[in-house]
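Scroll down for the structure; my scribbles are underneath it.
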Amino acid sequence: MSDATATIEVTLTLEQIADTIRRLGRDGMQELLRLVPELRETEAPSSETAFSRQTLQELRAWYADQVEAVGPEYHAMGDSDPFLGGLTVREYLALSDEESRSLWDRLYAEELDKLENAEELNVPPDAVLAR
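Rendered as C-alpha cells:
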C-alpha cells in the first residue's frame, strides 16, 4: 500500500468520524467529551487563535454598538427569562433534540390551526392594501 493510498483512507475515515460527530446532538457531544477529555484540551494553531481573538473583538464591538442603538430598555436574556412554549431559556436549552422537535411541532400545529380557523372577512374587490 502506498503512502498516498494510506492518506486517502485516513482522510475518508476522519470524514466519516466528523460526520458522525455532527449528528450526535448535545447529549452525545457531552458523552463524547466525557469519554475523550483530550478533545477539550485541543488548541488551535496560534494564527487561528489570533484570528479568532480578532474576530471575537470585532463581534463584541459590533454587539456593543447594537445594544447602544437599541437603548437602555434592552437586556440580554437570562436563563430564567420566559422563552418559548411556556419554558424559560434554561428549560428550553435543556431539552433533548426529540423534545425540542416535539415542542416546535406542537407550536407549529397550534399556529397552523389558528390560521385554518381564522375568521374570513368580506373585502370589496376594489380594496387596496394600506401602505
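Quick note: the working numbering has the sequence shown finishing at residue 179, numbered continuously throughout.
The beta carbon of each residue, even a glycine, is placed where N, CA and C say it ideally should be.
This structure is a prediction, so every number in the text was calculated from the model and none was measured.
In the DSSP assignment, find the unbroken beta strand (DSSP E) run with Leu132 in it and report its ends.
130-132
Beta carbon of Leu143 nearer than 9 Å to that of Leu155:
no
Answer with yes or no whether the minimum CB distance from Leu177 to chain D is below 9 Å.
Absent from the structure: chain D. Only one protein chain is present.
Per DSSP, what kind of secondary structure is Leu135 in: helix, strand or coil?
strand
Rounded straight-line distance, which links the Cα of Arg108 to that of Gln102
C-alpha of Gln102 to C-alpha of Arg108: approximately 10 Å in a straight line.
Among Thr61, Asp75, Tyr140, Gln78, the one whose alpha carbon lies nearest that of Gly126:
Tyr140
Identify which residue in Gln64, Ile65, Gly73, Ala66 has its Cα closest to the Cα of Ser148.
Gly73
For Asp129, I'd like the list of residues in its chain whose CB is within less than 8 Å of its CB, leaving aside the five on either flank, ordered along the chain.
Taken in chain order, the residues that qualify are Thr136, Val137.
Run of the alpha helix (DSSP H) containing Tyr156, from where it starts to where it stops:
Here the alpha helix (DSSP H) through Tyr156 covers 145-164.
CB Leu81 to CB Arg70, shorter than 9 Å?
no
Taking only the alpha-carbon atoms, compute the straight-line gap between Glu158 and Asn165 and give it to the nearest angstrom.
The alpha-carbon separation between Glu158 and Asn165 amounts to approximately 11 Å.
Starting from Arg71, trace the alpha helix (DSSP H) both ways and give me its first and last residue.
Taken as a continuous stretch (DSSP letters only), Arg71 belongs to no alpha helix (DSSP H), as it is neither H nor E.
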